[in-house]
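In this text, residue positions in the sequence shown follow UniProt numbering: the first is 1, and each later residue adds one. Each residue gets a CB set at the ideal place from its N, CA and C atoms; glycine is no exception.
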Amino acid sequence: MTCRSPWWACPASSFSARCCWTASPSPSNSRARLATALSAPPRHPPRRIDGMSSPVASGMIAVIGGVVVAALFFVPFVAVQVRRYGSLTLGRTLVALTVPVYALALVTYTLLPLPSDIVALCIGGGAGVQLRPGQFALDILREQSMSPGLLRNPAVQQFALNVALFLPLGVLVRLLLSRGAVVTLLVGVGASALIELTQVTGVWGLYPCAYRLLDVDDLIANTSGVLVGWLVAPLLAFLRRGDGLAPAAPRALTRRRRLLGMLCDVVIASWVTLVITAIYSAITLTATGLAPAADGAADIIIGLGVAMSFLGTLLWTGRTPGETVVRLRPQNRPSVPGAVVRWSLGIGGYLLLQLLAPDSILDAVFAFITIVGVLFTSNHRGLAYRALEWQIEDDRALRTRSVPLAAGHSD
1 MTCRSPWWAC PASSFSARCC WTASPSPSNS RARLATALSA PPRHPPRRID
51 GMSSPVASGM IAVIGGVVVA ALFFVPFVAV QVRRYGSLTL GRTLVALTVP
101 VYALALVTYT LLPLPSDIVA LCIGGGAGVQ LRPGQFALDI LREQSMSPGL
151 LRNPAVQQFA LNVALFLPLG VLVRLLLSRG AVVTLLVGVG ASALIELTQV
201 TGVWGLYPCA YRLLDVDDLI ANTSGVLVGW LVAPLLAFLR RGDGLAPAAP
251 RALTRRRRLL GMLCDVVIAS WVTLVITAIY SAITLTATGL APAADGAADI
301 IIGLGVAMSF LGTLLWTGRT PGETVVRLRP QNRPSVPGAV VRWSLGIGGY
351 LLLQLLAPDS ILDAVFAFIT IVGVLFTSNH RGLAYRALEW QIEDDRALRT
401 RSVPLAAGHS D
């Protein structure tokens, strides 16, 4: 392969800036081949790291985006965990939160930064391909002759970063899917190949040429990282341990469980309000060509509707959506006046304060008092249940009255 431009003018790609190398004869013995390879220009010329190409910036995008995705699926995740395993543990929550953060990290670290001048890049031939397996070893030897230490060797750093980037994938496949080494290997090869193909096709035709190098050594390093992750996954097996009880067994009423139910109510209210507001804005914009007026009237109507829907749920089922998610309910079916009081001293009062006094701290004070009530009332009933003299229980207790609550376990 002949370079179209000198190596120092080649575009950056992935963890390196390789795009071409000088043509060389094919020596007949390994010593001559090694000498030729070591005399070739290095494939890792220094380049400036700026803005979106910074690993810190890519990490921030992954974390922020992962948290947003986790918030979107928070309530379904809690509901599934409580019903499948009987309770929600901190370990499984952390593992689940890792999934969206890691998925976005793969995207940001392998596809960002996007090219600022794709025309110039494509005129120069694009990023190119590197299909020689083991080329990274020659790069390490060549760079080592110019580097003060192995850890500062750019070729070593590139290979190590590729291994580290895919190590969590092996851990997640073993912890979440309980798969063996062969399946994990296939997942690693598939994920790495998908990324390499995305790079070499210019994000599947979004760009007219590849702006990142397709490197077979990256495929090797990525797959190695997945296998290493699979090997170390047993060290983290404690993260998926449950409380040792059958999923159908009732659990004790704990502070964390009560607060988790309240948090689910707030998240549900927030997402429903956001979705309805977005739909209303889209309909208004489509029908009139103008954005909705910022007079607050629509916000008040939507907010009241969401708040009243929680009251309707209480009247219909006897509990809030958040209590349903964490499998809690009042021992006796509440009356209509009782449901109204329960709603007013709970999620309903909080939503109304947010809606009618958005610039005050009344909603924050209300939330603080509510949390304190859960922490310090008997059986963690909270102020609403305490005021009504209601008792709250696990909704599995009715079917298992002969089985005592597992007071020593929490969820």
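Local conformation of residue i per DSSP, three classes
i: L106; result: helix
i: D243; result: coil
i: V129; result: strand
i: E389; result: coil
i: L213; result: coil
i: L253; result: coil
i: P334; result: coil
i: D218; result: helix
i: D265; result: helix
i: D394; result: strand
i: N162; result: helix
i: R139; result: Before going on, a small fix: residue 139 reads as Asp here, not Arg. It is helical.
i: R179; result: coil
i: N379; result: helix
i: M60; result: helix
i: F238; result: helix
i: D363; result: helix
i: Y207; result: coil
i: P154; result: helix
i: S402; result: Interpretation of S402 is limited by its pLDDT of 43, a score under 50 that renders its predicted location unreliable; no figure is taken from the coordinates.
i: S192; result: helix
6 Å CB neighbourhood of residue i in its chain, flanking five on each side removed
i: D359; result: none
i: D218; result: N162
i: F159; result: F136, A221
Closest Cα partner of residue i within the set the options
i: L131; options: V189, L383, D363, V216; result: V216
i: V119; options: L206, A364, V129; result: L206
i: L263; options: A79, L362, F238, S178; result: A79
i: Q199; options: V336, L214, G190, V156; result: L214
i: V182; options: T108, F159, A70, V226; result: V226
i: F166; options: V232, V129, T288; result: V232
i: F238; options: G134, G296, R174, R152; result: R174
i: I140; options: Q157, P133, I300; result: Q157
i: G128; options: P168, A155, T201, I361; result: T201
i: L106; options: L353, L194, G289; result: L194
i: A71; options: R396, Q391, W271, V275; result: W271
i: L315; options: P247, A397, S335; result: S335
i: R256; options: R83, T110, N379; result: N379
i: D394; options: E143, A164, T254, V99; result: T254
i: V99; options: F74, D117, P113; result: F74
Within-8 Å CB hit, residue i to chain C
i: D218; result: Note that chain C does not occur in the displayed structure, where there is just one protein chain.
Residue i versus residue j: straight-line alpha-carbon distance, rounded
i: W230; j: P115; result: 34 Å
i: L121; j: Y211; result: 7 Å
i: L236; j: E196; result: 29 Å
i: V187; j: T377; result: 50 Å
i: S13; j: L285; result: Residue placement at S13 cannot be trusted, given a pLDDT of 38 that sits under 50; what the coordinates show is reported in the next sentence. If you take the alpha carbons of S13 and L285, they lie about 42 Å apart.
i: G373; j: T93; result: 26 Å
i: Q331; j: A96; result: 32 Å
i: P25; j: S192; result: Bear in mind that a pLDDT of 41 at P25, under 50, signals an unreliable position, so the model cannot answer this.
i: L172; j: T223; result: 14 Å
i: T277; j: V69; result: 19 Å
i: T108; j: G65; result: 11 Å
i: I301; j: D243; result: 44 Å
i: A307; j: V67; result: 26 Å
i: G59; j: A155; result: 22 Å
i: R83; j: Y102; result: 26 Å
i: V63; j: V228; result: 23 Å
i: T184; j: P133; result: 22 Å
i: G289; j: A298; result: 17 Å
i: D363; j: I61; result: 31 Å
i: G180; j: P234; result: 12 Å
i: P76; j: W390; result: 28 Å
i: residue 414; j: A287; result: For the chain, the structure presents residues 1 to 411; residue 414 sits outside this window and is missing.
i: S281; j: L356; result: 21 Å
Residues near residue i in its chain [Cβ-Cβ closer than 8 Å; skip 5 each side]
i: G261; result: T320, G322, E323, V325, V326, L328
i: A387; result: V341, L345
i: F310; result: D265, A269, T320, P321, W343, I347, G348, L351
i: V403; result: Unreliable placement is indicated for V403, whose pLDDT of 44 sits below 50; the coordinate value is still reported in the next sentence. A249, P250, listed in sequence order.
Same chain, Cβ closer than 7 Å to residue i, neighbours up to 5 away in sequence not counted
i: R240; result: G91, R92, V95, L175
i: Q81; result: L88, R92
i: A164; result: G225
>> Please give the ranges of any alpha helix (DSSP H) in the segment 276-343, keeping only runs that are unbroken, at least 4 residues long and fully inside the region.
In response: Qualifying alpha helix (DSSP H) stretches, in chain order: 297-317, 321-325.
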